[in-house]
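Here the structure is laid out as structure tokens; the discussion comes afterwards.
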Amino acid sequence: MTGKKAIAICQLGGVFKTLDDGSLSYEGGDAHAIDIDENSKYSDFEIEVAEMFNCSPNFMSIKYFLPGNRKTLITISNDKDLQRMMKFHGDSSSIDVYVMMEEVVPDVSNMPASRSSRTTLSEAGLLTDPTPCVLDDDMDEISPRVLLDSTFDVPNDLANLNDEIPIIPPSPSLPLTISLPPTPKHTKAAQQWQNNITGVGQRFNTVTDFRDALRKYSIAHQFAYKYKKNDSHRVTVRCKSDGCPWRIHASRLSTTQLICIKKMNPTHTCEGSIVKTGHQATRSWVAGVIKEKLKVSPNYKPKDIVTDIKEQYGVQLNYFQAWRGKEIAKEQLQGSYKEAYGQLPYFCDQIMETNPGSRVTFNTKDDSSFHRLFLSFHASLYGFQHCRPLIFLGSVPLKSKYQGTLLAATAPDGNDEVFPVAFAVVDMVSDDNWRWFLEQLKAALITCHGITFVVDRETGIKEAVRGVFREENVHHAYCLRSLSDQLIRDLTGKFSHEVKRLIVDDFYAAAYAMKPDDFQKCIESIKSISVEAYNWVIASEPVHWANAFFLGARYNHMTSNFGEIFYNWASDANELPITQMVDTIRSKIMELIYNRRAASNHWLTRLTPVSSERLEKESIKVCALQVFNSGEQFEVRGDSIEIVDINNYDCSCKGWQITGLPCCHAIAVIGCLGRDPYDYCARYFTVESYRLTYSESVNPIPREEKVMAEGFSQAIVTVTPPPTRRPPGRPPRVYVNVKIERNKLLL
Numbered sequence: 001m002t003g004k005k006a007i008a009i010c011q012l013g014g015v016f017k018t019l020d021d022g023s024l025s026y027e028g029g030d031a032h033a034i035d036i037d038e039n040s041k042y043s044d045f046e047i048e049v050a051e052m053f054n055c056s057p058n059f060m061s062i063k064y065f066l067p068g069n070r071k072t073l074i075t076i077s078n079d080k081d082l083q084r085m086m087k088f089h090g091d092s093s094s095i096d097v098y099v100m101m102e103e104v105v106p107d108v109s110n111m112p113a114s115r116s117s118r119t120t121l122s123e124a125g126l127l128t129d130p131t132p133c134v135l136d137d138d139m140d141e142i143s144p145r146v147l148l149d150s151t152f153d154v155p156n157d158l159a160n161l162n163d164e165i166p167i168i169p170p171s172p173s174l175p176l177t178i179s180l181p182p183t184p185k186h187t188k189a190a191q192q193w194q195n196n197i198t199g200v201g202q203r204f205n206t207v208t209d210f211r212d213a214l215r216k217y218s219i220a221h222q223f224a225y226k227y228k229k230n231d232s233h234r235v236t237v238r239c240k241s242d243g244c245p246w247r248i249h250a251s252r253l254s255t256t257q258l259i260c261i262k263k264m265n266p267t268h269t270c271e272g273s274i275v276k277t278g279h280q281a282t283r284s285w286v287a288g289v290i291k292e293k294l295k296v297s298p299n300y301k302p303k304d305i306v307t308d309i310k311e312q313y314g315v316q317l318n319y320f321q322a323w324r325g326k327e328i329a330k331e332q333l334q335g336s337y338k339e340a341y342g343q344l345p346y347f348c349d350q351i352m353e354t355n356p357g358s359r360v361t362f363n364t365k366d367d368s369s370f371h372r373l374f375l376s377f378h379a380s381l382y383g384f385q386h387c388r389p390l391i392f393l394g395s396v397p398l399k400s401k402y403q404g405t406l407l408a409a410t411a412p413d414g415n416d417e418v419f420p421v422a423f424a425v426v427d428m429v430s431d432d433n434w435r436w437f438l439e440q441l442k443a444a445l446i447t448c449h450g451i452t453f454v455v456d457r458e459t460g461i462k463e464a465v466r467g468v469f470r471e472e473n474v475h476h477a478y479c480l481r482s483l484s485d486q487l488i489r490d491l492t493g494k495f496s497h498e499v500k501r502l503i504v505d506d507f508y509a510a511a512y513a514m515k516p517d518d519f520q521k522c523i524e525s526i527k528s529i530s531v532e533a534y535n536w537v538i539a540s541e542p543v544h545w546a547n548a549f550f551l552g553a554r555y556n557h558m559t560s561n562f563g564e565i566f567y568n569w570a571s572d573a574n575e576l577p578i579t580q581m582v583d584t585i586r587s588k589i590m591e592l593i594y595n596r597r598a599a600s601n602h603w604l605t606r607l608t609p610v611s612s613e614r615l616e617k618e619s620i621k622v623c624a625l626q627v628f629n630s631g632e633q634f635e636v637r638g639d640s641i642e643i644v645d646i647n648n649y650d651c652s653c654k655g656w657q658i659t660g661l662p663c664c665h666a667i668a669v670i671g672c673l674g675r676d677p678y679d680y681c682a683r684y685f686t687v688e689s690y691r692l693t694y695s696e697s698v699n700p701i702p703r704e705e706k707v708m709a710e711g712f713s714q715a716i717v718t719v720t721p722p723p724t725r726r727p728p729g730r731p732p733r734v735y736v737n738v739k740i741e742r743n744k745l746l747l
């Protein structure tokens, strides 16, 4: 369980000044905020800080002041130091953290004079220029591009640059990074490019092909170059080392698009030029190198890309070069995120055409940017008619380029497995989006009467359910897991983990208790531990979560995390462009329906396997019971005395009503009457209903690029990406918080 949380205000580039009283004041620099808690790891915190400021953690130290003492800086170097900082700052919501960079003066006196170490530090003087630079294919020289300031969003702003990686020069707070001469192992992969340039007369299809070949050639031979001329029909390049005669000139052959090398001096007389970090490694080059591996390993991490390219090609990238190269490779493999939004109208039309009877609709904002998309397939809408009237609502954040959230509605089928009903992609979680989702769901369902919605206790969702379904007899059941978590968070007293566990156990027991007296015993047990917890439970509206008082039918499903498998699908596909993500989920639903339909064809029982097993467990208890006929009702004696009304499918233990399957008391009476218990089970648990649930199919959607392009050009509605984009730095890890229900489905 997460403890205290705080925001670390990380500052870099400023100056400490000593005041008259000896305390230190920090002025200037950049600042970024990072969320931390008592369970944060120092290594993760250090990496996130380094990525935030685009610097190396190897030359970085992190410090802070003790509360009330600004004379002495405390250094953080491990997990315990980070935890102490959290404790020292008590209830503070923010903590000032200062990042110090060590000055690094590279020693080149012992570097060998090889092609991989070609210039002295004075010759590399452009790196000490305070203006950040990039090597641009369309420029003759190294040119200023962007200023490194607090408003520079590295991954996002990179998308607006040309096809090159920015070279961030060192500053007083950033170390100078120089790649060491690669060993033969490092150049092994690059050896295949040593003959990419063969000499005068060599031809290339386009000027882009020539530039790519030249870049690989320079990496293989470990030298840096710069452009003298660089346009769409001619390219002139020379070695970056002053005085070196290496030159190459290529231009277009007349009346063709072919580029031919016209002049070349292949001789290097220079001692060598240190290949600066990533100097020749453009984003497109990185993407081309890693694309095949990314296709096989979609979770290929930027830090692993950095390591692999250093080992295989002798080129040292930073994290952001690897990150951006991966983004480009993903777009090459998966398609453009931006184009996917533009194709959305045509894609929705295709869904309706291939899956008639489905409901799919989307909204845009006034500026035509994407707002939200709702989708429920005909197979899901038809199948839900044969499931219990119970819907679980949940959401999962998306990690795609433009972020967003996936909202989902799932239901339990007759075998207590997840059945997907509908889902939506929205720009953010909000009361308005939840209300819109429920409105679309209501319009899609054939009937909404008697449905129970299991969802968190959030006020917005509660009001949305009440407002959208005010004319239907629907019920809102609170998620027990969310309630118990909130209970522990709201307790102000200091309790040990063991005591908190006892409170939660009693809370769950109270929820599952079927009679008011049993419920009262459980909460009295909580009261004996903490009056505060007892008062919280009483105020939490037990009518929405306790079996003893709930007016709807939730079939003993007490938490809203029932749709785990659906959320896993979304998590696996959420980095794809929106059309591909939706189609991936569609294919998962299609496969699930087909597999379960095929499996059920081999079932020989009247009830589904899970339901049959539960009924058998109840039947075993019958031998210890005595049945007495009292007229229209029956009295059953065992550990307790219960009244059974066969005609109304009712038992005073409430087990029959809550689960939909006869309890042991009802089975005892049914046996005395010579009848079959299977005849008294709710229809949702029969194999017949299960097969009807999965009787309809989800059909494939044509995805030919030519067809999509034609549909895109003919689309009347214009859809552009939402304004929200993934922030700089490492994307946060997304966990689908799923816990096993306590005493799940007690019968």
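Under the UniProt record's numbering, the letters of the sequence shown match residues 1 to 747, in that order. Note that the Cβ used here is the ideal one computed from N, Cα and C, for glycine as well.
Check                                                                                                                                                                          : Outcome
If you draw a straight line from the alpha carbon of Val-719 to that of Arg-372, how long is it in whole angstroms?                                                            : 11 Å
Contact defined as beta carbons within less than 8 Å: I believe Cys-664 pairs with Leu-625. What is the distance between those atoms, to the nearest angstrom?                 : 7 Å
If you check the beta carbons only, do Ile-259 and Phe-223 fall under 7 Å apart?                                                                                               : no
Taking DSSP as the reference, what is the three-state secondary structure of Glu-471?                                                                                          : coil
Looking at the structure shown, is Glu-327 part of a helix, part of a strand, or coil, going by DSSP?                                                                          : helix
One question on the structure: do His-544 and Tyr-478 come within less than 7 Å of each other, judged by their Cβ atoms?                                                       : yes
Am I right that Val-97 and Ile-74 are in contact with their C-beta atoms under 8 Å? What's the rounded C-beta distance?                                                        : Incorrect: roughly 10 Å between the Cβ atoms, too far for contact.
Would you call the stretch 568-576 and the stretch 685-699 in contact, with 3 or more CB pairs under 8 Å?                                                                      : no
If you drop the 5 nearest sequence neighbours on each side, which residues of the same chain put their C-beta closer than 7 Å to that of His-378?                              : Asn-355, Pro-356, Gly-357, Ser-358 and Glu-696
Just verifying my parser: in three-state terms, what is the DSSP assignment at Gln-194?                                                                                        : coil
Give the straight-line distance between the Cα atoms of Arg-457 and Asn-415, rounded to the nearest whole angstrom.                                                            : 27 Å
Taking DSSP as the reference, what is the three-state secondary structure of Gln-312?                                                                                          : helix
By the 10 Å Cβ neighbour count, where 16 or more other Cβ atoms means buried, how is Lys-276 classified, buried or exposed?                                                    : Model confidence at Lys-276 stands at a pLDDT of 46, short of 50, so the residue's coordinates are unreliable; what they give is reported in the following sentence. Counting Cβ neighbours within 10 Å, Lys-276 comes out buried, since at least 16 surround it.
Measure the CB-CB distance between Val-429 and Ser-395 and report whether it falls below 7 Å.                                                                                  : yes
Evaluate the contact criterion for the stretch 323-334 versus the stretch 298-315: three or more CB pairs, one atom per stretch, below 8 Å.                                    : yes
Let me check understanding here. Comparing Cα to Cα, which of Glu-463, Pro-412, Val-360 and Gln-520 lies closest to Leu-441?                                                   : Val-360
For Cys-522, does the three-state DSSP call read helix, strand or coil?                                                                                                        : helix
Measuring CA to CA, which of Ala-510, Asp-517, Trp-436 and Lys-515 is closest to Ile-526?                                                                                      : Ala-510
Tell me the rounded alpha-carbon separation between His-596 and Tyr-694.                                                                                                       : Residue identity check: residue 596 is Arg in the sequence provided, not His. Their backbone Cα atoms lie some 7 Å apart in a straight line.
Excluding the five sequence neighbours on either side, which residues of its own chain have a C-beta within less than 8 Å of the C-beta of residue 749, listed in chain order? : Nothing about residue 749 can be reported from this structure: the residues present for the chain run from 1 to 747 only.
Take the Cβ of Tyr-594 as the centre, count every other Cβ of all protein chains shown within 10 Å, and call the residue buried at 16 or more, exposed below.                  : exposed
Where Ala-598 and Asn-556 are concerned, what is the direct C-alpha to C-alpha distance, given to the nearest angstrom?                                                        : 28 Å
How is the alpha helix (DSSP H) around Ile-290 delimited, first residue to last?                                                                                               : 283-296
Around the Cβ of Asp-37, are there at least 16 other Cβ atoms within 10 angstroms (buried) or fewer (exposed)?                                                                 : exposed
Over what stretch of residues does the beta strand (DSSP E) that includes Val-537 continue unbroken?                                                                           : Unbroken run through Val-537 is the alpha helix (DSSP H), 531-539; no beta strand (DSSP E).
Whole angstroms are fine: how far does the CA of Asn-195 sit from the CA of Lys-216?                                                                                           : 10 Å
For Asn-110, is the classification buried or exposed, using 16 other Cβ atoms within 10 angstroms of its Cβ as the cut-off for buried?                                         : Residue placement at Asn-110 is flagged as unreliable, the pLDDT there being 39, under the threshold of 50; the coordinate-derived value follows with that caveat. Asn-110 should be labelled exposed.
Note down the Cα distance separating Ser-143 from His-233, rounded to an integer number of angstroms.                                                                          : Since pLDDT at Ser-143 reaches only 33, below the 50 mark, its modelled position is unreliable, and no value is offered.
Determine the closest residue to residue 748 out of Val-644, Lys-621 and Ile-219, with distance taken between C-alpha atoms.                                                   : Look at the range of the chain in this structure, 1 to 747, and you will see that residue 748 is not part of it.
Report the rounded CA-to-CA distance for Ser-25 versus Arg-247, giving the unit in angstroms.                                                                                  : 54 Å
Is Asn-547 near Met-514, with beta carbons less than 7 Å apart?                                                                                                                : yes
With respect to the alpha helix (DSSP H) encompassing Cys-623, which residues constitute its N-terminal and C-terminal limits?                                                 : No alpha helix (DSSP H) holds Cys-623; DSSP gives it neither H nor E.
Put Tyr-382 into one of helix, strand or coil per three-state DSSP.                                                                                                            : helix
Roughly how many angstroms separate the alpha carbons of Val-99 and Val-537, rounded to a whole number?                                                                        : 46 Å
When the Cα atoms are used, what is the spatial distance from Pro-722 to Pro-700?                                                                                              : 27 Å
Excluding the 5 residues flanking Lys-500 on each side, which residues of the same chain have their C-beta closer than 7 Å to its C-beta?                                      : Ile-488
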